[in-house]
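Data block below; observations after.
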Amino acid sequence: MSSNDIRDLFAANAPEVPSTHGWADAVRGRRRRRRVLTGVAAGVLALALAVPLGATLLNRPAQIASPAEASTLTAAEACAEARTQAEAFAVEGGEAVREGAVRAWLCGDEQTEEGSAFGTAGPTYPITQGVDEAIAWYLDAPEADPMAACTMEYILAYTVAFEYEDGSIAPVQGQLHGCRTVTDGATIRSGGDEFYALLQKLWAENRGEDFVAEVEPCTMTATMGEVADPADATSAALCQADADGNRVASRLTAEQASAVGLSVSETATTAPDAITYPDRVTTLQLFDDEGSLLSLDALDDGSFLFYAGDAARVWTPGAELRAELEEAAALPLP
192 MSSNDIRDLF AANAPEVPST HGWADAVRGR RRRRRVLTGV AAGVLALALA
242 VPLGATLLNR PAQIASPAEA STLTAAEACA EARTQAEAFA VEGGEAVREG
292 AVRAWLCGDE QTEEGSAFGT AGPTYPITQG VDEAIAWYLD APEADPMAAC
342 TMEYILAYTV AFEYEDGSIA PVQGQLHGCR TVTDGATIRS GGDEFYALLQ
392 KLWAENRGED FVAEVEPCTM TATMGEVADP ADATSAALCQ ADADGNRVAS
442 RLTAEQASAV GLSVSETATT APDAITYPDR VTTLQLFDDE GSLLSLDALD
492 DGSFLFYAGD AARVWTPGAE LRAELEEAAA LPLP
């Protein structure tokens, strides 16, 4: 398959980017889809037609910043600009990933519209050590079988934006579902899950001992590390929707975050088969120092639903913690 064939294939099959307007509805829909999909057998699809959500992130802009600006890019800016340039690459083409990048940014499937975000974001910092190792892994990975059968479940599509001295960005996208492929738009290779494991190792190695991630609660985004262990929670927030459907963040103190996290860790139980969500969306977010997130969704009975791996769990706050949560939110909980 030629590079033009691959580019045309992705351009033809790329889905429209889902709108995130209407935060409360989006959150509720995402939670319910996840609940409904549990235990449902995945369908099968040929790799040639398997285009993950956010497939346009495969596209490579020729350049997103001048060399002087490139060194000051934030993760959000680098990833957002890569998405902005994606459609142009699908039409005009571009260069494949090459050696010599000076830093790399890890982008998730986060989508942003009208000031709201939905999905999973990458770390707030790039790697500068091990960039060549990541590129070498990709260039040496075997090409994927274009006729392989792939499951249709969605887990995560991610993009590594390799940044060069001249300010150009060469994205490589992988997926943790389907055939678990990874591609720079010119070739499709096997090992999207293996590449992701390497990226996680490289980003961890680039963190210092005193590293503390910057997090923005209630943006419906999380960094792409492991799901936070509630016992390690160092910050937390309650996320609710106001009368206009806009998200409202109520931050907890560090002491409250730790107390809530320990209670979740020690008292959570297996979720019942039947659960009911309240009309008003309320989500409790727990973060650890690395920015990993555990989200707990309020249920009608006053408990909070979350997932530990594939297992659904519920946590019911005691009277004292519930009072503190309601005081912090200045709104009654369901």
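For the sequence shown, this note's numbering assigns the number 525 to the last residue and increments by one with no breaks.
A virtual CB, placed ideally from N, CA and C, is assigned to each residue, including glycine.
Remark: fewer than three beta-carbon pairs, one from each stretch, lie closer than 8 Å, so the region 349-357 and the region 426-433 are not flagged as touching. Taking the C-beta atoms as reference points, Ile346 is found no nearer than 8 Å to Glu290. For Ile326, the enclosing alpha helix (DSSP H) has its first and last residue at 322-331.
The Cβ atoms of Leu496 and Ala462 lie closer than 8 Å to each other.
Residue environment: Phe402 is assigned as exposed (fewer than 16 neighbouring CB atoms within 10 Å of its CB, all protein chains considered). With contact defined as three or more Cβ pairs closer than 8 Å, the region 374-387 and the region 459-477 are not in contact. In the three-state DSSP reduction, Arg294 falls in the strand class (E or B).
For Glu354, there is no enclosing alpha helix (DSSP H); the residue is found in the beta strand (DSSP E) stretching over 348-354. If only uninterrupted alpha helix (DSSP H) runs of at least 4 residues are considered, none is enclosed by the region 452-505. Inter-residue distance for Ala292 and Val455 is about 42 Å (C-alpha atoms, whole angstroms). A Cβ-Cβ contact shorter than 8 Å links Glu481 with Ala404. One alpha carbon belongs to Leu487, the other to Glu283, and they sit about 43 Å apart. The Cβ-Cβ distance between Glu396 and His368 does not fall below 8 Å. Contact between Ala335 and Ile379 holds, with the beta-carbon distance rounding to 5 Å and staying under 8 Å. Going by beta carbons, Ala361 and Cys409 fall outside the 8 Å limit. With respect to the 8 Å criterion, Ala519 and Gln476 are not classified as neighbours on the basis of their beta carbons. Sixteen is the threshold: when 16 or more other Cβ atoms of the shown chains lie within 10 Å of the Cβ of Thr374, as they do, the residue is buried. Cβ-Cβ separation between Gly383 and Gln366: approximately 5 Å, consistent with a contact (criterion under 8 Å).
For the 8 Å CB-CB criterion, Tyr329 and Val288 form a contact. For Leu390, the enclosing alpha helix (DSSP H) starts and ends at 383-396.
Cβ contact annotation for Gly321 (same chain, cutoff 6 Å, sequence separation greater than five): Leu393, in chain order.
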